[in-house]
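Reviewing the structure listed below.
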Amino acid sequence: MLKKAIYFPFLIGMAQLPVITHAQLSKEKAEKHIVVNSKTIRVATLLGIFSKETDLEFSFNSKQLSPSREIPVTHHDQTLSAWLKELEKTTGIHVRVKGDHIILQDAPVPVQTATIRERAVVNTPAVKTSTIQRAAAANKVVVQPGENAPDITEKLAVNHGVAIVKHLHERDKVTMTDKKKRLKDVTDSQESSARQQQRADSNARVNAVDIPENSMSPHRAVVPAAKGDAAYTADKPTYNGQAGLITNDELQPLPAYELPATDQQISIVNPPVVGAVKERAAFIAARQAGDTNMVAAPPLRKLTSLELGLQGIGLAFELPVARKVTVKFSGGLGGGYDLRNDFSYDWALADPCVYLSVNPRYYYNRDKRERKGKRNSLNAGYYIGLRVKYTSTSIIETDVTDAIMSNIHWGMQTPIGRKWVIDGHAGVGWGCNFIDTFNPIHSRFYPAVEIRFSYVLNKKSHL
Numbered sequence: 001m002l003k004k005a006i007y008f009p010f011l012i013g014m015a016q017l018p019v020i021t022h023a024q025l026s027k028e029k030a031e032k033h034i035v036v037n038s039k040t041i042r043v044a045t046l047l048g049i050f051s052k053e054t055d056l057e058f059s060f061n062s063k064q065l066s067p068s069r070e071i072p073v074t075h076h077d078q079t080l081s082a083w084l085k086e087l088e089k090t091t092g093i094h095v096r097v098k099g100d101h102i103i104l105q106d107a108p109v110p111v112q113t114a115t116i117r118e119r120a121v122v123n124t125p126a127v128k129t130s131t132i133q134r135a136a137a138a139n140k141v142v143v144q145p146g147e148n149a150p151d152i153t154e155k156l157a158v159n160h161g162v163a164i165v166k167h168l169h170e171r172d173k174v175t176m177t178d179k180k181k182r183l184k185d186v187t188d189s190q191e192s193s194a195r196q197q198q199r200a201d202s203n204a205r206v207n208a209v210d211i212p213e214n215s216m217s218p219h220r221a222v223v224p225a226a227k228g229d230a231a232y233t234a235d236k237p238t239y240n241g242q243a244g245l246i247t248n249d250e251l252q253p254l255p256a257y258e259l260p261a262t263d264q265q266i267s268i269v270n271p272p273v274v275g276a277v278k279e280r281a282a283f284i285a286a287r288q289a290g291d292t293n294m295v296a297a298p299p300l301r302k303l304t305s306l307e308l309g310l311q312g313i314g315l316a317f318e319l320p321v322a323r324k325v326t327v328k329f330s331g332g333l334g335g336g337y338d339l340r341n342d343f344s345y346d347w348a349l350a351d352p353c354v355y356l357s358v359n360p361r362y363y364y365n366r367d368k369r370e371r372k373g374k375r376n377s378l379n380a381g382y383y384i385g386l387r388v389k390y391t392s393t394s395i396i397e398t399d400v401t402d403a404i405m406s407n408i409h410w411g412m413q414t415p416i417g418r419k420w421v422i423d424g425h426a427g428v429g430w431g432c433n434f435i436d437t438f439n440p441i442h443s444r445f446y447p448a449v450e451i452r453f454s455y456v457l458n459k460k461s462h463l
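Counted from 1, the sequence shown has number 133 at position 133 by UniProt numbering; the numbering is strictly sequential.
Structure (structure tokens):
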């Protein structure tokens with residue numbers, strides 16, 4: 001009895017789903033301009049761009065539309081609302097907006113939304129005549145020839161009315177029971193088909209993609225869905241047929257992609273770090289499918305760290321300024337340089353110097369590392385750098401004078417564990433001491449070699 005009470009209103013509610021409810025989107029997000037300069041684009045890629053630009057979540061529940069399907073782009077600069085309408089027109093999919101959750105689903109099965117009582121009322125006039133006739137026949141008064149017809153008393157009229165009302169009530173009761181039974185049969189059939197399809201899809205995914213055991217975590221991120229929303233997987237959409245019950249195997253988030261400013265050319269080859277597990281799975285799947293455009297390194301991150309090395313101990317901040325370029329600022333306490341007679345580096349723990357440095361870097365092999373499956377977190381990779389460093393006189397005895405050091409170098413940054421980094425470089429530089437004023441005699445070239453260990457202070461969720 002509990003099942004009947006749940007399925008009937010659930011199916012009626014599904015029939016009343018709007019094709020698209022843009023009114024539920026905030027005006028700011030609905031009118032957000034999104035630029036795509038490619039002539040064609042995959043549905044999954046397009047939704048990833050929407051998600052990155054508007055912070056909305058997107059889900060699939062469609063057997064007609066595949067996330068990998070390519071669609072033409074007729075208008076390259078549109079609002080989110082216009083993009084969704086064009087997606088509906090191009091693919092025939094229905095878009096449902098529920099808060100910050102946008103669901104792409106097939107057209108719902110048409111179900112008459114009128115209630116049983118309303119249909120009974122509509123059909124009542126055609127049946128009422130025969131009902132009254134049958135009820136009257138059951139309670140008719142027979143007049144023999146030669147007898148006077150009896151008067152129509154109030155009691156007789158009431159008896160006729162009771163018979164008619166009782167008949168209508170019994171008919172409505174039978175009609176409602178029959179409708180509920182048919183709805184239950186349809187719902188049970190849909191549940192059985194959905195379970196079989198889900199098992200077949202799960203087996204197909206396991207047999208079709210062979211991902212190395214250590215390439216990704218067995219845990220899968222799940223996007224919460226509201227009660228009544230349909231679940232999906234990126235490989236094959238399935239629906240479990242039960243309101244409010246969504247399993248881990250049915251949900252898998254779509255990948256998001258880097259979206260530059262609207263006045264720049266869009267690049268779909270640079271997905272940001274959405275999470276190590278999810279991005280690794282997407283890149284492995286793309287590599288197996290032969291899609292080299294999808295295999296690109298995650299973007300460089302802002303890193304704040306404590307450093308300890310030959311230069312001393314200090315605090316550093318690495319700031320990305322382009323896809324492959326960062327600028328590293330650092331400062332702390334360390335040794336000083338004497339370049340007057342020969343190159344020497346003096347560091348007395350009890351009498352240190354203050355240093356400040358700026359270090360632009362160009363990372364040139366991160367995409368290649370990603371294609372080989374190497375770790376790219378914590379801005380790992382090989383780089384070419386330029387460094388300018390200032391060291392003050394020693395704090396106490398002032399035996400060491402001010403110095404300006406500049407060098408060009410090749411370097412390597414490698415993560416150790418979750419939050420440790422080893423960074424080293426080698427190159428050639430030129431430096432000079434300042435004794436009251438600049439004197440070329442006090443300058444010379446020097447070998448620029450350095451190694452340091454860093455502990456990253458960022459939260460784990462921002463790495």
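The C-beta atom is built at its ideal place from N, Cα and C for all residues, glycine as well.
A Cβ-Cβ separation of about 6 Å places residue 43 in contact with residue 71 under the 8 Å criterion. By the 16-neighbour rule on beta-carbons within 10 angstroms, residue 37 is exposed. By the neighbour-count criterion, in which a residue is buried when 16 or more other Cβ atoms sit within 10 angstroms of its Cβ, residue 74 is exposed. The straight-line gap separating the alpha-carbon atoms of residue 51 and residue 88 is approximately 17 Å. When C-beta atoms of the region 452–461 are compared with those of the region 307–318, three or more pairs fall below 8 Å, so the two segments count as touching. Nearest C-alpha to residue 367 among 333, 327, 377 and 360: 377. Fewer than three pairs of CB atoms, one per stretch, sit closer than 8 Å, so the region 296–304 makes no contact with the region 437–445. Here the alpha carbon of residue 346 sits roughly 35 Å from the alpha carbon of residue 324. Proximity to residue 370 across 47, 381 and 448 peaks at 381, based on C-alpha coordinates. For the pair residue 403 and residue 427, the CB atoms are not nearer than the 8 Å cut-off. Under the three-state reduction of DSSP output, residue 367 falls in the helix class. Shown here, residue 49 sits in a helix according to DSSP, grouped into three states. In the DSSP assignment, residue 81 falls within the alpha helix (DSSP H) that extends over 80–91. For residue 27, the uninterrupted alpha helix (DSSP H) segment begins and ends at 27–30.
Note on residue 322: under 16 other CB atoms within 10 angstroms of its CB, so exposed under the neighbour-count rule. CA-to-CA, the gap between residue 356 and residue 391 works out to about 7 Å. Rounded to the nearest angstrom, the Cβ distance from residue 389 to residue 412 is 19 Å, too far for a contact under 8 Å. For the options 414, 398, 335 and 456, the alpha carbon positioned closest to that of residue 363 is the one of 414. Comparing alpha-carbon positions, the option among 351, 336 and 359 lying closest to residue 328 turns out to be 359. Between the C-alpha atoms of residue 102 and residue 318 there is a straight-line separation of about 36 Å.
Distance from the CA of residue 339 to the CA of residue 437, rounded to the nearest whole angstrom, comes to 14 Å. Residue state for residue 64 is assigned as coil, using DSSP reduced to three classes.
Within the same chain, Cβ atoms closer than 6 Å to the Cβ of residue 386 are found at 360 and 408, the five residues on either side in sequence being excluded. Note on geometry: alpha-carbon atoms of residue 93 and residue 81 lie some 15 Å from one another. Within the DSSP secondary-structure output, residue 44 pairs in no beta bridge.
With a 10 Å radius around the Cβ and a threshold of 16 neighbouring Cβ atoms, residue 349 comes out exposed.
Residue 320 has 326 as its beta-bridge partners, per DSSP. In the structure shown, residue 202 falls within a helical segment according to DSSP collapsed to helix, strand and coil. By DSSP's assignment, residue 454 forms a beta bridge with 307 and 421.
Exclusion of the five residues before and after residue 64 leaves 106 as the residues of its chain whose Cβ lies within less than 6 Å of its Cβ. DSSP places residue 379 in the helix class (H, G or I) of the three-state scheme. About 5 Å separates the Cβ atoms of residue 314 and residue 331, confirming a contact at the 8 Å cut-off. Around the C-beta of residue 104, 16 or more other C-beta atoms lie within 10 Å, and the residue is accordingly described as buried.
Exposure of residue 99 is indicated by the presence of fewer than 16 other C-beta atoms within 10 angstroms of its C-beta.
Judged by DSSP secondary structure, residue 344 falls within the beta strand (DSSP E) whose first and last residues are 344–346. Membership of residue 400 in any beta strand (DSSP E) is not indicated, and neither H nor E is assigned to it by DSSP.
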